[in-house]
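*Asks:* Attaching a single structure in structure tokens format; questions to follow.
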Amino acid sequence: MATTPLRLDPAPESLQVDPRHRAEFPVVLVSMPFMDIDWPSIQLGLLGAILSRHGFPVRTVHANLDFAARLGVDYYRRLGHRSARLVAEWLFSVEAFGADAPDRDDRLLDDFAAELSDLGADWRQRLLRTRYEDVPAYLDALAADQMWDGCRAVGFTSTFQQNTPSFALARRLKDRDPGLVTIFGGANFDGEMGPEWVRAVPAVDIAVVGEADTAFPRLLDRLVAGARPEAEPGVVCRSGGTLVSRPPAPPIRQMDDLPAPDYTEYFDRAGRLDLLPRTGPSAVRIPFESSRGCWWGEKHHCTFCGLNGSTMTFRGKSPQRLADELVSQARRYRSFRFHGVDNIVDMGYLKDLFPVLAEAGVTYEIFYEVKANLTREQVRTLAHGGVTHIQPGIESLNSRVLRLMNKGARAAQNINLLRWAKYYGVQVGWNLLWGFPGETERDYADQAGLLPHLAHLQPPVSAGRVWIERFSPLFDQSPGKIPETTYGYVYPAAVDLGKAAYFFEYDLPGALPADAYEGLLKSFAAWRAVSTGTRRPELTFWSSPGLVQIYDTRHDGAEGTYTFEGPLADLYAAASDRPITAAAARDRIGASLTVPQIQEAFDEFAQRGLMVLDESLALALALPAGVPR
Amino acid sequence: MSEKSAAGNRHRRAAVVLLGGLAAGAVLGTSASAAPAASISEQFRVAFTPGAVQSTDRTNGTIVVTVT
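Sequence order for the protein chains is B and D. Read in order, the letters of the first sequence are residues 1 to 629 in the working numbering. Read in order, the letters of the second sequence are residues 1001 to 1068 in the working numbering.
Take a look at the structure:
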């Protein structure tokens, strides 16, 4: 079959289908391993609600829960979090591809032994047992379930390491009922990946590329009516030995029209499998989607980001619509914890939503991804509105490197976010990245020297070289575009990995030697150790006009208090809210110091780790004492 | 207005001025206190008092530094 799909013209209007015929077309939607088990799948919840609204009998199946229950949740989680090494996918490769599966000799275990040894002392035997015993038994039990009786179509959502588990189940279901139509979608099927999977994997009948909210029910109507599915925008399938597709329809704009996701089956299933947290359903985070795309990426695409492949355009729900959804979902699932799946929070919510939630006195705990250059006031607004966890795209504490990444934030702004998040009790999940063309060893030596001064703030979760992801500007710059090595252990030779892979090997020109990052790695490890130790580093300041005292316990054995009076005290206070230039500081404190004197004072503060200097900006590192205000 | 209420009003007006100055975010003390005569580097040299706070000495929010 040709590897390039035949592209068809835009489709006509959707078919008119008798609702009674829809009611006779049962559909099952599946989320396979290694999707997170700690919260429901928004893909299943939303698409299930959309299909139900259209009149299709639909059921969702969080089959990932069954596998986690079989393996044990800790082991399942450790397997699943290795996003860029396809170890979890390798476990299902034999069941997915049979005789065509590569690596029947299990060479992956030898070739990547150093990276796998953290799975426990008996990791090798355990992985082999999982691959050759647990996986087949799991698939057999799943495929034998009565839920497939009468099912006309099964939809698989696939992100990160869900491909081969989904292919493996689809293969069994097709053996059981060759007339069953298998439909795939999700991030792994975006761009040219979807068409390649349809071409290369016989168990994949149809792929929906791009957003499925409109395309999926319209596709099902075509199947109900016996019409050609390939006539639908975004659909890829085989037709008469040829791969055919239509470009996806434009992304939806009116997100308020989407239904609230239905997660009933997740809670039922997790409860039956005894996987719900001991504190009950209310401990489960309820996923919600308030926007799609990225308003920053529309203007400046962060160079490493491969999210939003074909749908960068930012659109969001109205504040009222989102508030209504949070209220109804809280009641429905008796949970006050929410997980925003957005790439970036809509800044309009800081004015029109979070203050309303604060005023209403709701006690939500919300996770959101945010841009890193938030001010103190913005962090306070988020905290008061119930945002307790954020994932800001910090990525670096060096402004030069941040410019190389196109992040639109300065190092001092990133550090300021960490300060005010700590102050207002907001947890921050962030990473340190390196490997950007144009970076220097000095960039990382400077960061290594800075980190010990930040011991009182929340450290990053990880530090490492940037991954090369499809759809990112760095991918465009990659000369070789070599699929990440472990793909070759998972997928048959017939799969064109150049079209199907999402992760690629790092081959960017001008890379620094590995030892350029050693200092930063050591500082990162030390910061993490301190943050989890019994000693709690502090850098807190008390202030009154003309007097500042800074209590410093960041460095074990060197604790003490700094006392500054007069203009130096006023200067420190002036630089404590946000990064400030020497000229702006002079305007704030009056003419008691000249700009050169202020610069001298900034340098002295910085030498003691009481301030950070970021090119022309200075920022006090201490947090104010007292009750957060 | 009686003499007693007039005195009370003057007190309240003085309090408003002080609070108003603080509310405006002005960094008070730049005019209220004289700048120390020592150089900037000297001020930094003498700024630090070593020692850790003893938790049992923390009462009413005061800090007691024990020199070790």
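Every residue, glycine too, gets a C-beta built ideally from N, C-alpha and C.
State the CB to CB distance for the pair D:I1040 and B:A601, rounded to an integer number of angstroms; the pair is presumed to be in contact (CB under 8 Å).
*Replies:* Taking the first residue of the second sequence as position 1, residue 1040 of chain D is located at position 40. Taking the first residue of the first sequence as position 1, residue 601 of chain B is located at position 601. In this structure D:I1040 is in contact with B:A601, their Cβ atoms being roughly 5 Å apart against a cut-off of 8 Å.
*Asks:* Quick one: is B:H21 buried, meaning 16 or more other Cβ sit within 10 Å of its Cβ, or exposed?
*Replies:* Start at 1 with the first residue of the first sequence, and residue 21 of chain B comes out as number 21. Exposed: under 16 other Cβ atoms inside 10 Å.
*Asks:* Is B:R172 near the ligand ZN, with its Cβ less than 8 Å from a heavy atom?
*Replies:* Of ligands this structure carries none, so the ligand ZN is not represented either.
*Asks:* CA-CA distance, B:G45 and B:A270?
*Replies:* On the first sequence, position 45 is the one that residue 45 of chain B refers to. On the first sequence, position 270 is the one that residue 270 of chain B refers to. Roughly 15 Å between the two C-alpha positions.
*Asks:* Straight-line CA distance for B:Q161 to B:A569?
*Replies:* Position 161 of the first sequence, counting from 1, holds the residue named residue 161 of chain B. Position 569 of the first sequence, counting from 1, holds the residue named residue 569 of chain B. Spanning the two alpha carbons is a distance of roughly 54 Å.
*Asks:* Could you have a look at B:A616 and say whether DSSP puts it in helix, strand or coil?
*Replies:* To locate residue 616 of chain B, count along the first sequence from 1; it is residue 616. Per the sequence shown, the amino acid found at residue 616 of chain B is Ser instead of Ala. DSSP places B:S616 in coil when its eight states are reduced to three.
*Asks:* B:Y562 by DSSP, collapsed to three states: which one?
*Replies:* Numbered from 1 along the first sequence, position 562 holds the residue referred to as residue 562 of chain B. If DSSP states are grouped into helix, strand and coil, B:Y562 belongs with the strands.
*Asks:* Taking B:V548 as part of the alpha helix (DSSP H), name the residues at either end of that continuous run.
*Replies:* Position 548 of the first sequence, counted from the first residue, corresponds to residue 548 of chain B. Element bounds for B:V548: not the alpha helix (DSSP H) but the beta strand (DSSP E), 547-552.
*Asks:* Nearest CA to the CA of B:F97: which residue from B:S543, B:W39, B:G179, B:W197?
*Replies:* For the purposes of this step, residue 97 of chain B is identified with residue 97 of the first sequence, where counting begins at 1. B:F97 has its Cα closest to that of B:W197, out of B:S543, B:W39, B:G179, B:W197.
*Asks:* Quick one: grab the DSSP three-state call for B:V244.
*Replies:* As a working mapping, residue 244 of chain B is identified with position 244 in the first sequence. Correct three-state label for B:V244: strand.
*Asks:* What do you get for D:Q1043, buried or exposed, if any count of 16 or more other CB atoms within 10 angstroms of its CB means buried?
*Replies:* Position 43 of the second sequence holds residue 1043 of chain D. That one is buried.
*Asks:* My assumption, with CB atoms under 8 Å, is that B:D100 sits in contact with B:P492. Please give the rounded CB distance.
*Replies:* In the first sequence, counting from the first residue as 1, residue 100 of chain B sits at position 100. In the first sequence, counting from the first residue as 1, residue 492 of chain B sits at position 492. Going by Cβ atoms, the distance from B:D100 to B:P492 rounds to 4 Å, so yes, they are a contact pair.
*Asks:* Round the Cβ separation of B:D368 and B:D342 to the nearest angstrom and send it over; I've been treating them as touching at under 8 Å.
*Replies:* The sequence position of residue 368 of chain B within the first sequence is 368, counting from 1. The sequence position of residue 342 of chain B within the first sequence is 342, counting from 1. Reading off the sequence, residue 368 of chain B comes out as Tyr, not Asp. The Cβ separation is near 7 Å, so the contact holds.
*Asks:* Can you name, in chain order, every residue of its own chain whose Cβ lies under 6 Å from the Cβ of B:S576, other than the five neighbours on each side?
*Replies:* Sequence index remark: in the first sequence, residue 576 of chain B carries index 576 (1-based). Taking B:S576 as the centre and dropping the five residues before and after it, the same chain places the C-beta of A620 closer than 6 Å to its C-beta, in chain order.
*Asks:* Could one say the Cβ of B:E600 lies closer than 9 Å to chain D's Cβ atoms, at least one of them?
*Replies:* On the first sequence, position 600 is the one that residue 600 of chain B refers to. Closer than 9 Å to some Cβ of chain D, the Cβ of B:E600 qualifies, so yes.
*Asks:* Assuming B:T388 and B:Q329 make a contact with CB atoms under 8 Å, what is their CB distance in whole Å?
*Replies:* As a working mapping, residue 388 of chain B is identified with position 388 in the first sequence. As a working mapping, residue 329 of chain B is identified with position 329 in the first sequence. With a contact defined as Cβ atoms closer than 8 Å, B:T388 and B:Q329 miss out at about 17 Å.
*Asks:* Return yes when the Cβ of B:A170 is within less than 9 Å of the Cβ of B:A203, no when it is not.
*Replies:* By 1-based counting over the first sequence, the position of residue 203 of chain B is 203. By 1-based counting over the first sequence, the position of residue 170 of chain B is 170. For B:A203 and B:A170, yes; Cβs fall inside 9 Å.
*Asks:* Note the first and the last residue of the continuous alpha helix (DSSP H) segment covering B:F216.
*Replies:* In the first sequence, residue 216 of chain B corresponds to position 216, counting from 1. It spans 215-225 - the alpha helix (DSSP H) in which B:F216 sits, taken as one unbroken run.
*Asks:* Would you mind sorting B:S291 into buried or exposed? The rule is 16 or more other CB atoms within 10 Å of its CB.
*Replies:* Counting from one through the first sequence, the residue named residue 291 of chain B turns up at place 291. Classification for B:S291: buried.
*Asks:* Run down chain D in chain order and give the residues with a C-beta less than 7 Å from the C-beta of B:R397.
*Replies:* Within the first sequence, numbered from 1, the residue matching residue 397 of chain B stands at position 397. Reading off the sequence, residue 397 of chain B comes out as Leu, not Arg. In chain order: nothing, as chain D lies at least about 24 Å away.
*Asks:* From B:V327 to B:C302, what distance separates their C-alpha atoms?
*Replies:* Taking the first residue of the first sequence as 1, we reach residue 327 of chain B at position 327. Taking the first residue of the first sequence as 1, we reach residue 302 of chain B at position 302. Answer to the nearest angstrom: the Cα atoms are 34 Å apart.
*Asks:* Note down, in chain order, all residues in the region 559-571 of chain B with a beta-carbon under 8 Å from any beta-carbon belonging to chain D.
*Replies:* Of all residues in the region 559-571 of chain B, those with a C-beta nearer than 8 Å to a C-beta of chain D are E559, G560, T561, Y562, T563, F564, E565, G566, P567, L568, A569, D570, reading in chain order.
*Asks:* Starting from the Cα of B:G179, find the closest Cα among B:R331, B:E325, B:P19, B:A153 and give me that residue.
*Replies:* As a first step, residue 179 of chain B is located in the first sequence; it is residue number 179 there, counting from the start. Looking at the Cα atoms, B:A153 is the closest of the given residues.
*Asks:* Which residues in the same chain as B:E441 place their Cβ atom closer than 7 Å to its Cβ, once the five residues preceding and following it in sequence are excluded?
*Replies:* Within the first sequence, residue 441 of chain B is the residue found at index 441, counting from 1. Taken in chain order, the residues that qualify are L512, A516.
*Asks:* Compare the C-beta of B:E604 against all C-beta atoms of chain D and say whether one is closer than 9 Å.
*Replies:* Walking along the first sequence from the start, residue 604 of chain B turns up at place 604. True, the Cβ-Cβ gap to chain D drops below 9 Å.
*Asks:* Tell me the residue span of the alpha helix (DSSP H) that contains B:H21.
*Replies:* The residue you call residue 21 of chain B lines up with position 21 of the first sequence. For B:H21, the enclosing alpha helix (DSSP H) starts and ends at 19-22.
*Asks:* Would you please verify whether the beta carbon of B:T534 is less than 9 Å from any beta carbon of chain D?
*Replies:* Reading the first sequence from its first residue, position 534 is the one you call residue 534 of chain B. Chain D, which has no Cβ nearer than 9 Å to the Cβ of B:T534, makes this no.
*Asks:* Verify whether the separation of the beta carbon atoms of B:F189 and B:M32 is less than 9 Å.
*Replies:* Along the first sequence, read from residue 1 onward, the residue named residue 189 of chain B stands at position 189. Along the first sequence, read from residue 1 onward, the residue named residue 32 of chain B stands at position 32. With contacts defined by Cβ atoms closer than 9 Å, B:F189 and B:M32 do not form a contacting pair.
*Asks:* Per DSSP, what kind of secondary structure is B:F503 in: helix, strand or coil?
*Replies:* For the purposes of this step, residue 503 of chain B is identified with residue 503 of the first sequence, where counting begins at 1. If DSSP states are grouped into helix, strand and coil, B:F503 belongs with the strands.
*Asks:* Output the boundary residues of the alpha helix (DSSP H) element that contains B:E196.
*Replies:* Start at 1 with the first residue of the first sequence, and residue 196 of chain B comes out as number 196. Taken as a continuous stretch (DSSP letters only), the alpha helix (DSSP H) holding B:E196 covers 193-200.
*Asks:* Taking the straight line between their C-alpha atoms, what separation do you get for B:D476 and B:G488?
*Replies:* Locating residue 476 of chain B in the first sequence gives position 476, where the first residue counts as 1. Locating residue 488 of chain B in the first sequence gives position 488, where the first residue counts as 1. Near 22 Å, if we compare the C-alpha coordinates of B:G488 and B:D476.
*Asks:* Would you mind telling me which residues of chain D sit closer than 9 Å to B:Q597, beta carbon to beta carbon, in chain order?
*Replies:* Mapped onto the first sequence, residue 597 of chain B falls at position 597. What B:Q597 touches in chain D: I1040.
*Asks:* Can you look up B:I42 in the DSSP assignment and give me helix, strand or coil?
*Replies:* On the first sequence, position 42 is the one that residue 42 of chain B refers to. Of the three classes helix, strand and coil, the one that applies to B:I42 here is helix, per DSSP.
*Asks:* B:A153 bridges to which residues according to DSSP?
*Replies:* The residue you call residue 153 of chain B lines up with position 153 of the first sequence. Paired residue(s): B:V27, B:V181.
*Asks:* So, helix, strand or coil for B:S543, using DSSP?
*Replies:* Counting from one through the first sequence, the residue named residue 543 of chain B turns up at place 543. B:S543 falls in the strand class under three-state DSSP.
*Asks:* Over what stretch of residues does the alpha helix (DSSP H) that includes B:R129 continue unbroken?
*Replies:* Locating residue 129 of chain B in the first sequence gives position 129, where the first residue counts as 1. That run of the alpha helix (DSSP H) goes 123-129.
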